[in-house]
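**Student:**
In my numbering, the protein residues as written are 196 to 468.
(1) Give me the DSSP bridge partner(s) of residue 305.
(2) What does a CB cutoff of less than 6 Å around residue 365 pick up in its chain, not counting 5 residues either side in sequence?
(3) Could you check the C-alpha separation between residue 294 and residue 220 for me, to the nearest Å?
(4) So, at 8 Å on beta carbons, what are the nonlocal neighbours of residue 317 in its own chain, with the 5 sequence-adjacent residues on each side left out?
(5) Does the distance from the CB of residue 314 to the CB of residue 344 come in under 8 Å?
(6) Quick one: residues in its chain with C-beta nearer than 8 Å to the C-beta of residue 431, no 5 flanking neighbours on either side, listed in chain order?
(7) Output the distance between the C-alpha atoms of residue 419 and residue 202, rounded to the nearest integer angstrom.
(8) So residue 458 and residue 350 are in contact, right, with Cβ under 8 Å, and what is the actual spacing, rounded?
(9) If we call anything under 8 Å between Cβ atoms a contact, is residue 465 one with residue 438?
(10) Going residue by residue through the segment 353-429, where are the continuous alpha helix (DSSP H) segments of at least 4 residues, counting only ones entirely within it?
(11) Restricting to runs no shorter than 3 residues, where is the beta strand (DSSP E) found entirely within the segment 203-263?
(12) Which partner residues does residue 457 have in the DSSP bridge list?
(13) What whole-angstrom Cβ distance do residue 259 and residue 231 have, given they're in contact under 8 Å?
(14) Under the assumption that residue 346 contacts residue 397 (Cβ atoms under 8 Å), give the Cβ distance between them as a whole number of angstroms.
Dropping the structure here:
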């Protein structure tokens, strides 16, 4: 925001208090004119409808420039979900999807949830955003101005063939595979409108979600991340601002604008292990 964006629409799942506090903190910095927040589980059409209704109502004077789909949901670790799924430990090939019995009916609830979140929701958000971006592009042509748009998805290690598989991340990873494949097709389809489309693959990133992971292991978040950093070639965990800087590079006015259809590893060398 402090570089070139003066309007932000931020989404959250269930924690309205945290979202509102964050919104106020951005406004207090005085670097952005308008910040709106919209809550809801992105797997639901209602939540996605609210996002675009808010955008059209409160940002009608703005051109949609950048869309970032984070959706850092990990069942049992981060926030609640509309399906009330509690346990995210389902895996491919170990019998857990069949409940441990060869005669059981396949339980696709976990698979379906993540594919709705990282597949259906991502595609829906991209499709609706592109319609608005194309209008901005056409307006720019009429006014003799060059429009630039950017779509960024946030993926995870192990969701493409450049990484080794990530056992334990089976269900969410299957959804993010859709994101990583579709982003290349979106890059092809939208390049003529001045839109670049990319995926960022962070490494271990410092966030509140690690508090719950660390608690289950009888330690603190920072101590746990310190241990994780020892397996990273650069021996550092990623900060959320590092991901933000990468988004800004892709969506800015420099050379990042000409990068499209890529899955970029911002992970301090984790992919080399």
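The C-beta atom is built at its ideal place from N, Cα and C for all residues, glycine as well.
No experiment lies behind these values; they were computed from the predicted model shown.
**Tutor:** Well, looking at it:
(1) In DSSP, residue 305 forms no bridge with anything.
(2) Hits under 6 Å: 286 and 287.
(3) Distance between the alpha carbons of residue 294 and residue 220: 46 Å.
(4) Answer for residue 317: 264, 266, 348, 373, 374 and 377, listed in chain order.
(5) No, these two residues do not count as a Cβ contact at 8 Å.
(6) So the list reads 424 and 463, once near-sequence residues are dropped.
(7) The straight-line gap from Cα to Cα measures roughly 36 Å.
(8) In this structure, residue 458 and residue 350 form a Cβ contact; the two beta carbons are roughly 7 Å apart against a cut-off of 8 Å.
(9) Going by C-beta atoms, residue 465 is not nearer than 8 Å to residue 438.
(10) Listed in chain order, they are 365-385, 404-411 and 416-424.
(11) Here the runs fully enclosed are 229-234.
(12) Bridge partners of residue 457: 393.
(13) No, residue 259 and residue 231 are not in contact; Cβ-Cβ is about 13 Å, not under 8 Å.
(14) About 17 Å separates the two Cβ atoms, so there is no contact after all.
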